[in-house]
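Read in order, the letters of the sequence shown correspond to residues 5 to 147 in my numbering.
See structure below.
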Amino acid sequence: MYNVYSFPDIKAVIYHEDIGQCSLHESGLGKITVSAAGDLSSHTTTADGYVIVNRLKSTNGTITLEVPQGSVADWFLRKWARWARSLQNPSRIALGVLTIQDTVGGNTISATGVSLQKAPDRVFDRTAGNIAYTFLAATISES
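What follows is the structure, encoded as structure tokens:
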């Protein structure tokens, strides 16, 4: 038996109610990195050497989207960054939803409470490169 992985079979959609929706897989997507922020377990060792296993609940994390400079995805994410920077009301933050689906492997990652961590670094070079957008997610789940 064998498994198949194919990046073209990854479907990623990001949505925000004030900015809109972008199908990243159709708009220029270079790379996606999903990282958990917290541990799922830890150990506590007592004075006599007994180890207690602690189960921790952590669902938040970061998602980094690398997209080609000048692509439709870059344009959409830049629009999100401009929107987040222009907020005058600190009680209103840019929260969105990101769904990543592996249509061959059958896995789906859903991220909610998604906000842009910071505006991306801009690189000006002879050729276009990838721009990295890092998002914080309050909840990341996989099914």
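Ideal placement from N, C-alpha and C gives every residue a C-beta, glycine not left out.
- Message: Measuring straight from C-alpha to C-alpha, what distance separates C26 and T63?
- Response: Against the sequence shown, residue 26 aligns to sequence position 22. Against the sequence shown, residue 63 aligns to sequence position 59. Taking the straight line from one Cα to the other gives about 24 Å.
- Task: Within the same chain, show all residues whose beta-carbon is closer than 6 Å to that of D43, passing over the 5 residues directly before and after it, in chain order.
- Result: Against the sequence shown, residue 43 aligns to sequence position 39. Excluding sequence neighbours, D43 sits near L60.
- In whole angstroms, what separates the C-alpha of D129 from that of G100? The residue labelled residue 129 in the question sits at position 125 within the sequence shown. The residue labelled residue 100 in the question sits at position 96 within the sequence shown. Each residue's alpha carbon lies about 31 Å from the other.
- Limits of the unbroken beta strand (DSSP E) element including F11: Looking up residue 11 in the sequence shown gives position 7. Taken as a continuous stretch (DSSP letters only), F11 belongs to no beta strand (DSSP E), as it is neither H nor E.
- Message: Given this structure, state the Cα-to-Cα distance separating L28 from D22, to the nearest angstrom.
- Response: Translated into positions along the sequence shown, residue 28 becomes position 24. Translated into positions along the sequence shown, residue 22 becomes position 18. Between L28 and D22, the C-alpha separation is close to 17 Å.
- Message: Can you find the residues in the same chain that come closer than 6 Å, C-beta to C-beta, to Q105, ignoring five residues on each side of it along the sequence?
- Response: Along the sequence shown, read from residue 1 onward, the residue named residue 105 stands at position 101. Same-chain partners within the cutoff: K15, T112.
- Message: When you compare the stretch 31 to 48 with the stretch 70 to 85, are there three or more beta-carbon pairs, one atom per stretch, that lie closer than 8 Å?
- Response: yes
- Task: Determine the extent of the beta strand (DSSP E) in which F149 is found, giving its start and end residues.
- Result: Here the chain covers residues 5 to 147 and nothing more, so residue 149 does not appear.
- Where does I135 land, buried or exposed, given buried means 16+ other C-beta within 10 angstroms? On the sequence shown, residue 135 is found 131 positions in, with the first residue counted as 1. Label assigned to I135: buried.
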